[in-house]
Amino acid sequence: MVDIKNIPVLEYVNELRYRVLYYIYGVVISAIACYIYKEEILYILSIPFGQRFIYTDLIEAFTVYIKMSILVSLYVSYPIAVFHIWSFLVPGLYLYEKKRLRLYTIVSNMLYFIAGITGHYILFPAAFQFFQSFQKVGLDKVFNIELQAKIQEYVLFNVKMIYALSLCFQLPVILLIIWMINEQLYRWIVNKRRFIYVLSFIIAACISPPDVLSQLIIATPLIALFEASVFIIVLIGNYNK
165 MVDIKNIPVL
175 EYVNELRYRV
185 LYYIYGVVIS
195 AIACYIYKEE
205 ILYILSIPFG
215 QRFIYTDLIE
225 AFTVYIKMSI
235 LVSLYVSYPI
245 AVFHIWSFLV
255 PGLYLYEKKR
265 LRLYTIVSNM
275 LYFIAGITGH
285 YILFPAAFQF
295 FQSFQKVGLD
305 KVFNIELQAK
315 IQEYVLFNVK
325 MIYALSLCFQ
335 LPVILLIIWM
345 INEQLYRWIV
355 NKRRFIYVLS
365 FIIAACISPP
375 DVLSQLIIAT
385 PLIALFEASV
395 FIIVLIGNYN
405 K
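Here it is as structure tokens:
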């Protein structure tokens, strides 16, 4: 009688289950840590805006801390997810494939956090400064327009934009993998780059607020990353020759 426990497929399923559980444990632990340091995290998130916040619901501040802790925990747990994916795939790969996958994971993690830092400290302050320029406050004004940002709307907007930029910055890794696996498909994508430009703005419209500046913040780096990725792949191809 065949022992189903020895079937390789079930072994992979069990390992995948354990990997998912370990990732969930990591997220929960990091979420608890984020809640403990919730005020410090909120201070960091408020840097691009630089003003005080208000809340209009009795439990809004509490729910914001909970949501912020979970979202930040998921964000910083990205390397944990990549590590478990890498660990799950490595046993079935050849040596050269392991080296490539290790390179992909390192580059992916670097781009992920570079995107968050770039957006938070460079792109977002410029965008917020532009939007705040529409305020009209002062005795010499015919009327006053003052921004009183709600804490929930600001935190969710900020975290959402950081997530969007970080995911968009994975484009070079995706293109590199496509080039390694199917060069013909890669060349087709490069030749149809005008559709990539349109797709970039469609993606920006879906994941960013409905205003042109926010969409440009997402679409412009995405297009620049696409062109930079194509250039780097050309250099790699010439080097291999």
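The numbering used here runs 164 ahead of the 1-based position in the sequence shown.
Glycine included, each C-beta is placed from N, C-alpha and C at the ideal position.
All values derive from a computational prediction rather than experimental measurement.
Exercise for review: Can you check DSSP and say which residues form a bridge with residue 300?
Suggested key: On the sequence shown, position 136 is the one that residue 300 refers to. Answer is 309.
Exercise for review: Can you tell me which of 237, 178, 285 puts its alpha carbon nearest to the alpha carbon of residue 197?
Suggested key: Walking along the sequence shown from the start, residue 197 turns up at place 33. It is 237 whose Cα lies nearest to the Cα of residue 197.
Exercise for review: Run the CB neighbour count on residue 379, radius 10 Å, all protein chains shown included, and call it buried at 16 or more, exposed below.
Suggested key: As a working note, residue 379 is residue 215 in the sequence shown. So residue 379 ends up on the buried side.
Check your understanding: If we call anything under 8 Å between Cβ atoms a contact, is residue 332 one with residue 385?
Key -> Position 168 of the sequence shown, counted from the start, is the residue given in the question as residue 332. Position 221 of the sequence shown, counted from the start, is the residue given in the question as residue 385. Taking 8 Å as the Cβ cut-off, residue 332 and residue 385 qualify as a contacting pair.
Point to revise | residue 298 versus residue 309: straight-line alpha-carbon distance, rounded | key: In the sequence shown, residue 298 corresponds to position 134, counting from 1. In the sequence shown, residue 309 corresponds to position 145, counting from 1. Between residue 298 and residue 309, the C-alpha separation is close to 8 Å.
Point to revise | 8 Å Cβ cutoff met for residue 217 and residue 315 | key: Within the sequence shown, residue 217 is the residue found at index 53, counting from 1. Within the sequence shown, residue 315 is the residue found at index 151, counting from 1. For residue 217 and residue 315, yes; Cβs fall inside 8 Å.
**Study point:** Spatial distance of residue 339 from residue 188 (CA atoms)
**Key:** Within the sequence shown, the letter at position 175 stands for residue 339. Within the sequence shown, the letter at position 24 stands for residue 188. Roughly 29 Å separates the two Cα atoms.
Check your understanding: Do residue 229 and residue 199 have their CB atoms nearer than 8 Å?
Key -> By one-based count along the sequence shown, residue 229 stands at place 65. By one-based count along the sequence shown, residue 199 stands at place 35. Against a cut-off of 8 Å, the Cβ pair of residue 199 and residue 229 comes out as a contact.
Practice item. Would you give the residue range spanned by the alpha helix (DSSP H) that residue 266 belongs to? Key: Taking the first residue of the sequence shown as position 1, residue 266 is located at position 102. Segment 259-282, the alpha helix (DSSP H) holding residue 266.
Check your understanding: Can residue 252 and residue 175 be called in contact, C-beta distance under 8 Å?
Key -> Translated into positions along the sequence shown, residue 252 becomes position 88. Translated into positions along the sequence shown, residue 175 becomes position 11. In this structure, residue 175 does not lie closer than 8 Å to residue 252 by Cβ.
Exercise for review: Look up residue 205 in the DSSP assignment and say whether it is helix, strand or coil.
Suggested key: Here the question's residue 205 lines up with position 41 in the sequence shown. It is helical.
**Study point:** Inter-stretch contact (C-beta, 8 Å, three-pair minimum) for the region 390-398 and the region 335-355
**Key:** By the Cβ test, the region 390-398 is in contact with the region 335-355, since at least three Cβ pairs between them sit closer than 8 Å.
Review point. In terms of residues, what are the limits of the alpha helix (DSSP H) holding residue 318?
Key: In the sequence shown, residue 318 corresponds to position 154, counting from 1. That run of the alpha helix (DSSP H) goes 315-332.
Point to revise | Same chain only: Cβ atoms within 8 Å of residue 367, ignoring 5 sequence neighbours per side | key: Stepping through the sequence shown from its first residue, residue 367 is reached at position 203. 332, 382, 383, 386.
Exercise for review: Mind checking which residues open and close the alpha helix (DSSP H) that includes residue 252?
Suggested key: Start at 1 with the first residue of the sequence shown, and residue 252 comes out as number 88. It spans 242-253 - the alpha helix (DSSP H) in which residue 252 sits, taken as one unbroken run.
Review point. From residue 300 to residue 312, what does the alpha carbon distance come to, in whole angstroms?
Key: Taking the first residue of the sequence shown as 1, we reach residue 300 at position 136. Taking the first residue of the sequence shown as 1, we reach residue 312 at position 148. Whole-angstrom Cα-Cα distance: 13 Å.
Review point. Can the beta-carbon of residue 153 be found closer than 8 Å to that of residue 194?
Key: Outside the modelled stretch of the chain, which goes from 165 to 405, sits residue 153, for which no answer is possible.
Practice item. Below 8 Å on the Cβ atoms is my guess for residue 318 versus residue 213; work out the distance and round it to an integer in Å. Key: Residue numbering aside, residue 318 sits at position 154 when the sequence shown is read from its first letter. Residue numbering aside, residue 213 sits at position 49 when the sequence shown is read from its first letter. Beta-carbon to beta-carbon, residue 318 and residue 213 are separated by about 6 Å, close enough to satisfy the 8 Å threshold.
Check your understanding: Roughly how many angstroms separate the alpha carbons of residue 267 and residue 258, rounded to a whole number?
Key -> Translated into the one-based positions of the sequence shown, residue 267 becomes position 103. Translated into the one-based positions of the sequence shown, residue 258 becomes position 94. Near 14 Å, if we compare the C-alpha coordinates of residue 258 and residue 267.
Point to revise | Straight-line Cα distance separating residue 394 from residue 183 | key: Start at 1 with the first residue of the sequence shown, and residue 183 comes out as number 19. Start at 1 with the first residue of the sequence shown, and residue 394 comes out as number 230. Cα to Cα, the separation comes out at about 34 Å.
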